[in-house]
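Each residue of the sequence shown is one higher than the last, beginning at 1 in this note's numbering.
Think of the CB as a built atom: it goes at the ideal place given N, C-alpha and C, for glycine as much as any other residue.
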Amino acid sequence: MRIEAVIFDMDGVLVDSEVYWDKSRVEFAHDRGKTWTDEYQRLAMGRSTVGWATVMQEKLRLDESIDDIIAEMKGRVIAHYERRMPTRPGAIESVHRMKQHFRVGLASGSPTEIIKAVLRITGLDQVFEVMIYGDDIPRGKPAPDIYLEAMARLGVSHHVTVGIEDSANGLRSLKAAGIAAVAAPSPDFPLPPEILALADAHIDTLEAFDLSLIRRVERTRSE
């Protein structure tokens, strides 16, 4: 089937923000005399707001509430964004490029305030036809719900949809939704081979996310 829609993740795909999230969590833990590890970061990546806050609460053995953890982390990450918006090379252009050929949507598990800030600063709020916020979806990635909702609002089926993700949880979410998956891991957070094997295509830069890649995915899915 011919692809009709492309759905983007945000953190780690459009903006190389996992570095900021990791840095903010390291700082958060350090201020409490604790240590945030790479292992914990990978567990938190790609999850819903409540999901990653729960990982932090459990792994750091915090007495603080989920709401308090979320509020402080939002403030820390937004402060980093205000200093510099870390868009990945070719990311903004890739959205505009896909818009020329397909319906385009966003499915991000990040907090709503952060998503809106990124989209406003980059101008992508004027490009995406549909924007699904993780805060509005009870079950976050790796559950398929956010992508199922995005497809429902776009009016397309999984047979004609491609999604692009950087994290293990994101790719698992795409596959659970039955969507063709493109893996675009951040250079700072490479994916292991068994996770890359879930994807229908793998790219190292968003500059490679173009029409020819979508056509290759179409051929792969039809084989």
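Check	Outcome
Local conformation of I203 per DSSP, three classes	coil
Span separating the alpha-carbon of Y133 from that of G109	6 Å
According to DSSP, residues forming a beta bridge with T161	A5
The stretch 39 to 56 / the stretch 20 to 29 touching (three or more Cβ pairs under 8 Å)	yes
Buried or exposed by the 16-neighbour rule on C-beta atoms within 10 Å, applied to E165	buried
Cβ-based neighbour list, L119, same chain, cut-off 6 Å, excluding 5 preceding and 5 following	D125
Contact set for S167: own chain, Cβ-Cβ below 7 Å, skip 5 residues either direction	G12, M45, G46
Beta-carbon gap between D7 and A91 smaller than 8 Å	For clarity, residue 7 is Ile in the given sequence; the question names Asp instead. Not in contact: I7 and A91 (Cβ atoms no closer than 8 Å).
Start-to-end residues for the alpha helix (DSSP H) that takes in M73	66 to 83
Buried or exposed by the 16-neighbour rule on C-beta atoms within 10 Å, applied to S212	exposed
Beta-carbon proximity check, P142 vs R172, cutoff 8 Å	yes
With 16 other Cβ atoms within 10 Å as the buried cut-off, status of H1	In the sequence as presented, His is not what sits at residue 1; that position holds Met. When all chains shown are included, M1 counts as exposed.
Where L14 sits in the DSSP three-state scheme	coil
Cβ pair A177, V217 closer than 8 Å	no
Helix, strand or coil at S108 [DSSP, three-state]	strand
Same chain only: Cβ atoms within 7 Å of E27, ignoring 5 sequence neighbours per side	R76
3-residue-minimum beta strand (DSSP E) runs that sit fully inside the stretch 87 to 155, ordered along the chain	103 to 108, 130 to 133
Cβ neighbours of K175 in the same chain (closer than 7 Å, five flanking residues each side left out)	A181, L198
For M131 and T87, the rounded distance between their alpha carbons	18 Å
Cut-off 7 Å between Cβ atoms - residues of its own chain near L191, not counting five sequence neighbours on either side	A168, A183, P185
Proximity test, Cβ basis, 8 Å: Y20 and chain D	Absence of chain D from the displayed structure is noted, only one protein chain being present.
Cβ-based neighbour list, M85, same chain, cut-off 8 Å, excluding 5 preceding and 5 following	V15, V118, I121, T122
Reference H80, options K99, S17, I195, W36, closest by Cα	S17
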